[in-house]
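Note that our numbering has the sequence shown beginning at 1, numbered continuously upward.
No residue lacks a Cβ here, since even glycine has one placed at the ideal position from N, Cα and C.
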Amino acid sequence: MDPDEDSTSPGRSGRSRGLGWRRLGEEPDYRFTLANERTFLAWIRTALAVLAAGVLLEQFAAKLQPPLAVTAIAASLCVTAAALCALAYGRWRANEEAMRHKRPLPHSRTLSLLAIAIPVACLALILLIVGLRAGLLA
């Protein structure tokens, strides 16, 4: 039995666990549900790539100075990865709810976050590398 489907446990209704929305509306065509899930998983893969970039930067960018700036950029990439995971779930759920109620799919700000965070991190790294090469950073 699927634990998401069981709302008969004493004191554990589906709504109290935040799953009541799954019972509302009409089950969408499975193809749309699977497409929504694939999109969610693509966002998770993107978040993992951003996380890997942050870890890679922190572990292997020993020549970049100052170390605090490198750590800050790496940490910002890791925070961006965590935010992408949370936003991916929110987007998946909002799309699922919209499909269940035959409403238009909602607009998402997830693309904006990614489109801003990655270039900012790249610009910061470029400034560190150029500063190191020009001898401005010791």
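Beta-carbon proximity check, residue i vs residue j, cutoff 8 Å
i, j, result
"W92", "F40", "yes"
"A141", "L113", "Any answer about residue 141 is impossible in this case: the structure gives the chain only from 1 up to 138."
"V70", "A81", "no"
"A121", "I44", "no"
"T110", "A124", "no"
"P104", "A94", "no"
Nearest candidate by alpha-carbon position, reference residue i, set the options
i, options, result
"G25", "F60, V70 and H101", "H101"
"C78", "Q65, A124 and A53", "A53"
"I116", "Q59, S76 and P28", "S76"
Start and end residues, alpha helix (DSSP H) containing residue i
i, result
"A62", "Per DSSP, A62 belongs to no alpha helix (DSSP H) and is neither H nor E."
"E96", "P67 to R100"
"S112", "T110 to R133"
Residue i in three-state terms, based on DSSP
i, result
"E27", "coil"
"L136", "coil"
"L41", "helix"
"R208", "Given that the chain is displayed from residue 1 to residue 138, the structure contains no residue 208 and the question cannot be resolved."
Does the structure place the region 81 to 99 close enough to the region 124 to 138 that three or more beta carbon pairs sit under 8 Å? The region 124 to 138 is not in contact with the region 81 to 99.
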